[in-house]
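Sequential numbering of the sequence shown, starting at 4, is according to the working numbering. To keep things clear, I will list the structure first and then write my remarks on it.
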Amino acid sequence: MTIQLKVDDKDLSEKSLEAIEVARKAGKLKRGANEVTKAVERNTAKLVVIAKDTQPEEGVMHLPILCEEKNIPCIGTDSKTEL
């Protein structure tokens, strides 16, 4: 099973990466499926980005559904190196 997330809008993708950089510098970036899941469940997450090459896929397959339930934007990137 493959995670089907993609950002076709180049401008949105660039803005998302800028937001990630701001969060990283502020010490607010959560990394890893467990940390991200907790942030989404607590409604502290503002954006979730999932790399399509994440292994195992089963570890992050629940995130798009959880984000949809909590109305948190969830986007995908082609690889972890983009992040």
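We put the CB at the ideal spot given by N, CA and C, even for glycine. Only a predicted model underlies this, so the values are computations on that prediction, with no experimental measurement involved.
By DSSP, does residue i sit in helix, in strand, or in coil?
i            : result
threonine 5  : Low confidence applies here, because threonine 5 scores a pLDDT of 44, under 50, leaving its location unreliable and the question unanswered by this model.
threonine 84 : helix
valine 39    : helix
With distances taken Cα to Cα, identify the nearest neighbour of residue i among the options.
i          : options                       : result
proline 59 : Lys18, Pro76, Gly35 and Ile68 : Gly35
leucine 66 : Ile23, Thr84, Asn37 and Lys83 : Asn37
Just the C-alpha distance for residue i and residue j, rounded to the nearest angstrom, thanks.
i            : j          : result
glutamate 72 : alanine 26 : 23 Å
alanine 76   : leucine 50 : Inspection of the sequence shows that residue 76 is occupied by proline rather than by alanine. Distance between the alpha carbons of proline 76 and leucine 50 is about 5 Å.
methionine 4 : lysine 31  : Note that methionine 4 has pLDDT 40, beneath the 50 cutoff, so the model's placement of it is unreliable and no number is given.
lysine 83    : leucine 20 : 12 Å
Less than 8 Å between the C-beta atoms of residue i and residue j, yes or no?
i             : j            : result
isoleucine 78 : valine 63    : no
lysine 55     : aspartate 81 : yes
Assuming residue i contacts residue j under a Cβ cut-off of 8 Å, what Cβ separation, rounded to an integer in Å, is found between them?
i         : j          : result
valine 39 : alanine 48 : 7 Å
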